[in-house]
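Reading through the structure tokens given below for one structure.
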Amino acid sequence: MADMLLKSTTRHVRLFTARVEDGNLVADPTQLTLDLDPDNEFLWDAPVLEKVQQQFRQLVEAQAGAELSDYNLRRIGSELEGTIRQLLQAGELSYNPDCRVLNYSMGLPRTPENL
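In structure tokens form, the structure reads like this:
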């Protein structure tokens, strides 16, 4: 059971109870790894990326001592999705026009006229 990889996948957030070694995920029940926006749907600049990573760290710290269960992973992923939506609605994050498929999964793009 200790070597079992738990994961939670949302549209823009993937969480794994694993560490990365040589580009591969290795199950590790003591570590949580974040894969953010795997489809490159958004354009990320360093301050916005740091906001999401800080939120991730806070959510993980809030779970300190609790079992890393499917439920807890889904909850962290859902919270991060909400943070991404807030950043998009505030105009701090924007869609990537070069994304393979533009489906505006978090709502229509915000423009200065409708912010």
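If you count the sequence shown from 1, position 29 lands on 35 in the numbering used here, and the numbers rise without skipping.
All C-beta atoms, glycine included, are put in the ideal place defined by N, C-alpha and C.
* Count the CB pairs spanning the segment 78-88 and the segment 24-31 that are closer than 8 Å, and state whether there are at least three. => no
* Count the other CB atoms within 10 Å of the CB of Arg63; is the residue buried (16 or more) or exposed (fewer)? -> exposed
* Asked: In terms of residue numbering, what span does the alpha helix (DSSP H) encompassing Ser84 cover?
  -> Asp76 to Gln95
* Does the Cβ of Asp76 have 16 or more other Cβ atoms within 10 Å, making it buried, or fewer, making it exposed? -> exposed
* Which residues in the same chain have their Cβ closer than 6 Å to the Cβ of Ser100, if we skip the five residues on either side of it in sequence? -> Leu49
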